[in-house]
Amino acid sequence: MTDYTKQIHRCFRCGYCKFPSDYSDFNCPSYARFRFDTYSTSGRLWLIYAWLKGEIEWSEHLAEILYSCTTCKNCVEQCPMKFSSDIVDWIVAARSDMMEKEKGRIPPRVTSFLEDVYRLGNPLKERGKRDAWANGIKRYQPGDEYLFYVGCLGSYDEFGRRMARSVARLLSEAGISFGILGNDENCCGNEVYLLGEKELFQVLAERNIQKFKELGVKKVVTLSPHAYNAMKNNYPLVSNAYFEVSHYTQLLCGLLRENKIRPSRNKIKVTYHDPCFLGRYNKIYGEPREVLQSIPGIELLEMERNRENSFCCGGGSGNFVTDLLGGSEESPSRIRVREAYETGADILAVACPSCMTMLQDAVKVENLESKLAVKDISQVVAESL
Amino acid sequence: MLQLNFDPAKCIACKTQDCLVKCQYLRLDKDKAKTEMQKIINGEDSFVLHDCVTCYACEEYCKMGNHPFYLIVERQEGKGILPAPRSIATMWINQCEPRGRFTVGKVKERALSFCFIPIFPLWATGKLFDGIASSYIMGEEFFCNAVFLHYAKMSVIKDRLPKVIENIAKLGIKELICLHDECYGTFNSLAPAYGMKVPFKTTHYFEYLYEKLKELKDEIKPLNVKLAYQRPCSNRLSPKTQHFVDDIFNLIGAHRVKREYVGENALCCAEVIRMGQGYKIADDVQKRNLEDMVKAGAEYCVFNCPMCYLSIGDKVSKRGLKPIHIIDLCKMAIGEKTAPGV
Amino acid sequence: MIDIYNLLAEIVGEQHVSNHKEERYFYGCDPGLTPPHEPDYVVMPETTEEVQQIVKLANKEKIPIVPKGGGLALTGLVIPQKGGIVIDMKRMGKILEVNEKSRYVVVEGGVTHGMLQNYLKKHHPKLRHSIPDSPAISTVVGNAVIHGQGRLTQQYGFNSDMVSGLEVVLPTGEICRIGSHSISSQHWFSKGAPWPDLSGLFLGWFGTTGIITKLGLRLYPCKKMRDVMVFLTDKIELVPDIILKLTHTEMTEDIVVNEQPLPPRMKGNIYILIIITGDSDEELDFKRKIIWDALWDIFESRDGGFLSVPADMKPPLLEMPSRDVVRFADVRKGGGFEYSGPIIPLEKYPEFITKQKELVSKYNLSYSATSRVIAGGHCMMYAFAFTFNRADPDEMDRIRKALREAAEFTVEQGGMMWKPTIEEQKMIIERMDPNTLKIMKKIKELLDPNGIMNPGNWEA
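Residue numbers (my numbering), protein chains in the order written: chain A, 1 to 385; chain B, 1001 to 1342; chain C, 2001 to 2460.
1) Are the C-beta atoms of serine 2308 (chain C) and some chain B residue less than 8 Å apart?
2) Applying the 10 Å Cβ sphere with the 16-neighbour rule, what's the burial state of serine 2361 (chain C)?
3) Got a sec, what are the start and stop residues for the alpha helix (DSSP H) proline 29 (chain A) sits in?
4) Does chain C have any CB closer than 8 Å to the CB of leucine 324 (chain A)?
5) Beta carbons nearer than 8 Å to chain C: which residues of the segment 18–47 of chain A have them?
6) Identify the contact partners of threonine 2233 (chain C) in chain B, using a Cβ-Cβ distance below 9 Å as the criterion.
7) Residues of chain C with CB closer than 7 Å to the CB of methionine 1332 (chain B), please, in chain order.
8) Mind listing the chain C neighbours of methionine 81 (chain A)? Cutoff is C-beta to C-beta under 7 Å, in chain order.
9) Please confirm if the segment 2243–2259 of chain C is in contact with the segment 2270–2282 of chain C, defined as three or more CB-CB distances below 8 Å between the two stretches.
10) Does the count of Cβ pairs from the segment 212–227 of chain A and the segment 347–355 of chain A closer than 8 Å reach three?
11) Residues of chain F with a CB under 8 Å from the CB of lysine 1318 (chain B): which are they?
12) What is the DSSP secondary structure of methionine 1138 (chain B), reduced to helix, strand or coil?
13) Have a look at A:Arg307, A:Pro263, A:Phe277, A:Phe26 and flag the residue whose alpha-carbon is nearest the alpha-carbon of valine 2111 (chain C).
14) Whose C-alpha, out of B:Phe1047, B:Thr1125, B:His1150, is nearest the C-alpha of isoleucine 1273 (chain B)?
15) Can the beta-carbon of leucine 1020 (chain B) be found less than 8 Å from the beta-carbon of valine 1048 (chain B)?
16) Could one say the Cβ of phenylalanine 2286 (chain C) lies closer than 8 Å to chain B's Cβ atoms, at least one of them?
17) Mind checking if phenylalanine 2299 (chain C) is an interface residue toward chain B, Cβ cutoff 8 Å exclusive?
18) With a cut-off of 8 Å on the beta carbons, I'd call alanine 174 (chain A) and leucine 255 (chain A) a contact; round off their distance for me.
19) Assess, as a yes-or-no matter, whether the segment 1010–1024 of chain B is touched by the segment 1034–1044 of chain B under the definition of 3 or more beta carbon pairs within less than 8 Å.
20) Which residues of the segment 326–345 of chain A have a Cβ closer than 8 Å to any Cβ of chain C? Give them in chain order.
21) Just checking my contact of threonine 2208 (chain C) with asparagine 2454 (chain C) at CB under 8 Å: how many whole Å lie between their CB atoms?
22) Where cysteine 1055 (chain B) and phenylalanine 1249 (chain B) are concerned, what is the direct C-alpha to C-alpha distance, given to the nearest angstrom?
23) Enumerate in chain order the residues of its own chain whose CB-to-CB distance from proline 2240 (chain C) is below 6 Å, with the five nearest sequence positions on each side excluded.
24) Helix or strand or just coil, what does DSSP make of aspartate 2254 (chain C)?
25) So which residues of chain B does glycine 2268 (chain C) contact, with C-beta pairs closer than 7 Å?
26) Between the C-alpha atoms of serine 177 (chain A) and leucine 2072 (chain C), what's the straight-line distance to the nearest angstrom?
27) Is it right to say isoleucine 2343 (chain C) is buried, meaning 16 or more other beta carbons lie within 10 angstroms of its own, or is it exposed?
28) Taking the CB atoms as reference points, tell me whether leucine 1267 (chain B) and alanine 2311 (chain C) lie closer together than 8 Å.
29) If we ignore side chains and look at the alpha-carbon of each, how far apart do alanine 1111 (chain B) and glutamate 100 (chain A) end up?
30) Output, in chain order, the set of chain C residues within a Cβ distance shorter than 7 Å of serine 1311 (chain B).
31) Against chain C, does arginine 1160 (chain B) count as a neighbour if the rule is that its beta carbon must be under 8 Å from one of theirs?
32) Taking Cβ to Cβ, would you say isoleucine 2002 (chain C) is nearer than 8 Å to leucine 2077 (chain C)?
33) Assign histidine 273 (chain A) to buried or exposed, taking buried as 16 or more other Cβ atoms, counted over all protein chains shown, within 10 Å of its Cβ.
34) If you measure from the beta carbon of asparagine 2118 (chain C) to each beta carbon in chain A, is any gap under 8 Å?
35) If we call anything under 8 Å between Cβ atoms a contact, is glutamate 2046 (chain C) one with methionine 2092 (chain C)?
36) Out of curiosity, what's the CA-to-CA distance linking serine 2185 (chain C) and methionine 2432 (chain C)?
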């Protein structure tokens, strides 16, 4: 990447980054939440430039603005300028820089996120065993086709664990040979990277890669799109060790095409929420939908903002823990579940444990629990078997 | 200064005067054609120089290989006769000026020429281009410049084309596969007509596709569709490549419909005519051309030149035919592409 | 000492007011070349009543107020020259009513053009509004207040001419209704006529006379199809005549005249973009022919011609709003542009383009000259647009000088600066008929006795 300090002045603050492509609503999660222009991408870029020039000093508020960006890449998608693909990299680079120069002055919630990953191997303050969820699911052994990488939320979060078990069940039923790393698994580091702590990311990535190498892992399937993204796009920058990585929805899609999983009729109305790290980061829009549509009788209802224009749940860049966008009717997760409910769907299908935890909380606060069930795609499939 | 190889004696000896008699836009009998051609040769004014729509066809009609069209262009330029508004020519001259923005892939001795047409890299993919897709050249530096025939700017061609040939040769290319029909015509007709040496072999992409399809024969599923072929103006410079259209159609199990406007009698896409002569002639040509396709029962209109495709693809569609470039058609036959919509 | 922050927080809620350095910094500048000046507070009301309370507070305490929409005028009009409170209007984002029969919409003061465009497309596909080329975040009210232009300006006049009613919070705190709805709250079809048109007390005043909290806007038929024709000429002196011929046809939606040196294909020619609309191929075809015929003599003389626009070139030319407009800011990887966009008599086009070229070579600048025909050809907006590198203060300074010269030239030529900077406003005021100025002064003093509204602007 080119040095962000030499590029960041190029933002004209035209504001296209605030919208989806059809201007139907504000699509930058932190702008939608706070509504000061400073909380939009152009706000951040101008403030970072001002900080670099010494026109503003570091402050807690500046840090909040900077870390409330969920790195959802809506701005990357919408910015009309030639540098658009670099925007999130600039923000991440500035976070790194600030971490260096303003040591100890990043938002406490972000500090504790990073410290927890460093000390405990996960940001969830969990000290328990990583494989407590696994219920007998076997460890990866050389010769297994896939390593199932479940990540921190899959290991510890109540909803994440259910997702992990559901995916594991489908893989078993389809006759896939796979195993997990159990207590040897490390945090994938995706959020750590995006929060700007590149050294810690390096350590985490190296540990995981080393483990994969030791076990001779050739194929990894991830529960979380965040882990998928880190392994697919960032691990190659750390090591040239080769392994193939896929997200579980891609694997399920293949198994359904090959008739290795055969869902039966299920008359349900489902809307699907594209996770940023599957969608905008990796352009995977078709497979999750194909999985859902392979269920006979299902009705897939699209939210107005979908695919490239999907509205982030607000959980990216560690916000599923730090929650810098929480606490308001305009919190992205709450806006999103209202949008999902408007489609008339009974089920809001997700493909990401971060989205899962964000949106589960939101349906409760919005009193939509009895009307809109948040389920992951594998659960929707499993319930249709 | 590069001189056009044109032999007046051949014209005098010519018994048919096909160059002008067969012209689809000017009405001349044999005698009139002879007189007007003589005027042109002598450097006198002729209505032909003013009314020429620059369709290139007389280059094909002349069986003596005597380049009547290039002579017309030379004379138009000499007399300051403008076949199109100045501003259009200026636009082309500025747009196509080399400025170091070319792209060169991992060029081997055998390479693809994408000319200066950004859609080619998107088309030159898949099995048909296996092993060669990365060996390509594209940009103003490799642009054939034949377009200036439409604007009476032979001087620009004479200035730029030798450098283009040199640029390609310098890359060590021994065989250049031209994806743009007009490039092939330039290297095989226009360059030799001015004595420019082309120190590399050129292959028309029709031939390349044909050979490649033969290799992939087992993967071909006959398309069983009825096709009309849109022959571009540039193909008048290389009429010998025409048989490949039928060869390819036969290989992929497609049927070419019987048309009035075919071969020597083909009608061009007419968008250049629109810019030079106005909408009346252009609309008439397009109307006759499309009606002929429809009448002949074609389901698809198959394009050779990407510019024809961009220019009349929509109009073809509105007449209920599916517009498709021949590369995509071949991809359909080997299952790499699905049929386009109307 | 009165705690203004807490009083504002009481009005709009704490999360919608800020006195943090970061908000003050960002709201203290715009994308153009006007030097920044920070506000003391940024506040985001959601209702007219909240705006009213803020204004009453500010008027009582004599605190300056600057209402702000998208903030994209580029000429510093929402930079709070004397500090005070910037009111970011964008939380007032409701589209209140569309009257399909009388073809108008009523919007709140912070509705963006992007959202209105989307709303009409979704709910009233037969109607459209005049979409400006400023980015989608620009607001309907902000655009009207600066007499903005849009895609329908060639047909129907400035976007402010399309206003069909206002609700304004006066600087003294009263809520005032302007237009047909001043007598019947349900009807927003006229901003004044056939009675005294009081909208003139607010439109063009850059927020110095009140804050528009609701606005009625005329809507127009949305035809099923749009197409673009491009006419090229290398003879600058023909442009006024070409425009006359084109407007005579009464067949065009928008007419935009471009002259710029980059990309190379544009060098040496004037590009005239002609947008046409229709409900059928036949209608479009008919219009195309009429337009061709109107320019046939120029075409035959070879002084100009229509470009055959290939299908892949059309979408960016037809896009609304055109994202290419903002891309101009990054032509030289610098992130900035500003333009002086005077409204000029049609026949003056050649002089203006000559002047621009003179400025370009004198100050060594990258430029584009985009002009839009207004209201069937009575005048046009001519943009002296220069792109700059935000990290190059010397270049920014040269452009300031060039724009200053452009403004002086405009005044000499009898043109009117559009959305003038404060410096340009002073230039205008110096030359204005004293009695005209007197009326402006009286109006300002009457409406804003404490001078709290966007001070620095239109100050006689």
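Using N, Cα and C, we set each Cβ at its ideal position, and we do this for glycine too.
In short, the structure shows the following:
1) yes
2) exposed
3) 29–34
4) no
5) Lys18, Phe19, Asp22, Tyr23, Ser24, Asp25, Phe34, Arg35, Phe36, Asp37, Thr38, Gly43, Trp46, Leu47
6) Pro1085, Arg1086, Ser1087
7) Ordered by position in chain C, no residue passes the 7 Å Cβ test against methionine 1332 (chain B), which lies about 21 Å from the chain.
8) Arg2327, Asp2330
9) yes
10) yes
11) Structure shown: chain F not included; protein chains present are A, B and C.
12) strand
13) A:Phe26
14) B:His1150
15) yes
16) no
17) yes
18) 5 Å
19) yes
20) Ser328
21) 5 Å
22) 26 Å
23) Leu2346, Glu2347, Tyr2349
24) coil
25) Thr1090, Asn1094
26) 58 Å
27) buried
28) no
29) 50 Å
30) Ser2308, Pro2310
31) no
32) no
33) buried
34) yes
35) yes
36) 38 Å
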